[in-house]
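Numbering (the working numbering), first residue to last: 2 to 314.
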């Protein structure tokens, strides 16, 4: 998959968050709401995060060089990891600090209706961003739930945007709840409680993203469906009797490396082996377009080893 879908989702999120941040800061200046300030900081962090994701996409397009012979595709994973760190260190920590301060030293809200209106507008803008991310992610969500897509996707930006937008919508609801309860009960402590809830939410999302991006940075292999497709494509080539070993790794969201040992009958001549390997590579690229680099080694001595025998072993 190209990065176009990811870019559209990122740009939509960046545009929405920039406008939301400005509105929330105005609301905080008028009302003095801690929840509003925490949400404003959250939107600023999200805006910066979208910029980092775009920077990572740009860095990943650099051509391969002597120091990086497989290219710079993992730049997208690295900057997505940085986004998770920023979300945790700036978004979550700031909200927790502000919430604690407001719970210990509650202050009356002024013009809470303004805060509620601005938060309502923010919900509408965040919903637009979230729907854009869903639309761009749907072609990649071939099976299973959205949670499974987020866990298994080798594309870092779309899961990041989906989780950020989800957290933003829940955070807005927490802010509305905090402000609403503060007005209904005439107790401003609820504003601080809502802010603490936002901080905890952002912390949980950030830690989850760090774990996922760290796994991608280390190097994840093909999905189970891609693994099956690659094995089937290899054995469709004439003269190849089986796959005795297969290793895969994503060099970037759109670049999959395949290394395999393929079996041949002992009497197969060199010309036929060469032709079969080239045909197998073409089959694999057709079955899994993300395969950009593949290395196939003929394994005459283990020609009888097949996928099933490998699994039994």
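Note that the Cβ used here is the ideal one computed from N, Cα and C, for glycine as well.
Nothing here was measured: the structure is a model prediction, and the numbers come from that model.
- Here the stretch 116 to 128 makes contact with the stretch 167 to 178; the two share three or more CB pairs at distances below 8 Å.
- In this structure, the alpha-carbon of residue 23 lies about 14 Å from that of residue 115.
- When C-alpha distances from residue 226 are compared across 220, 111 and 154, the shortest belongs to 154.
- Taking the Cα positions, residue 296 is about 12 Å away from residue 235.
- Of all alpha-carbon atoms in 238, 243 and 268, the one lying nearest the alpha-carbon of residue 276 is that of 238.
- Note that the stretch 98 to 111 does not touch the stretch 53 to 72; fewer than 3 beta-carbon pairs, one per stretch, sit closer than 8 Å.
- Residue 244 has its alpha-carbon roughly 19 Å from the corresponding atom of residue 293.
- At a Cβ-Cβ threshold of 8 Å, residue 89 and residue 207 count as neighbours.
- The Cβ neighbour count for residue 278, taken over all protein chains shown within 10 Å, is at least 16; the residue is labelled buried.
- A direct Cα-to-Cα measurement between residue 224 and residue 37 gives close to 41 Å.
- Cβ-Cβ separation between residue 51 and residue 11: approximately 5 Å, consistent with a contact (criterion under 8 Å).
- Burial state of residue 137 is buried, judged by a 10 Å Cβ sphere holding 16 or more other Cβ atoms.
- Counting only residues of its own chain and dropping the five nearest sequence neighbours on each side, residue 273 has a CB closer than 7 Å to the CB of 240.
- When DSSP states are grouped into helix, strand and coil, residue 96 belongs to the helix group.
- Taking 8 Å as the cut-off, the beta carbon of residue 39 is found closer than this to the beta carbon of residue 96.
- Scanning the stretch 193 to 260 for uninterrupted beta strand (DSSP E) segments of 3 residues or longer gives 241 to 253, listed from N- to C-terminal end.
- In this structure, residue 179 sits near residue 194, with a CB-CB distance shorter than 8 Å.
- The three-state secondary structure of residue 89, taken from DSSP, is helix.
- DSSP places residue 187 outside any beta strand (DSSP E), giving it a letter other than H or E.
- Inter-segment contact for the stretch 257 to 266 and the stretch 196 to 203 is absent: fewer than three beta-carbon pairs are separated by less than 8 Å.
- Of the residues 75, 255, 260 and 231, the one whose Cα lies closest to the Cα of residue 287 is 231.
- Remark: C-beta atoms of residue 83 and residue 49 do not approach each other more closely than 8 Å.
- Scanning 289, 270 and 27 for the CA closest to the CA of residue 299 turns up 270.
- Bridge pairing for residue 299: 263 [DSSP].
- Assignment of residue 46 by DSSP, reduced to helix, strand and coil, places it in the helix class.
- Our two residues, residue 284 and residue 257, have alpha carbons roughly 14 Å apart in a direct line.
- No residue range can be given for residue 145, since it is assigned to no alpha helix (DSSP H) and is classified by DSSP as neither H nor E.
- Rounded to whole angstroms, the separation of the alpha carbons of residue 122 and residue 222 is 42 Å.
- Going by beta carbons, residue 189 and residue 120 fall outside the 8 Å limit.
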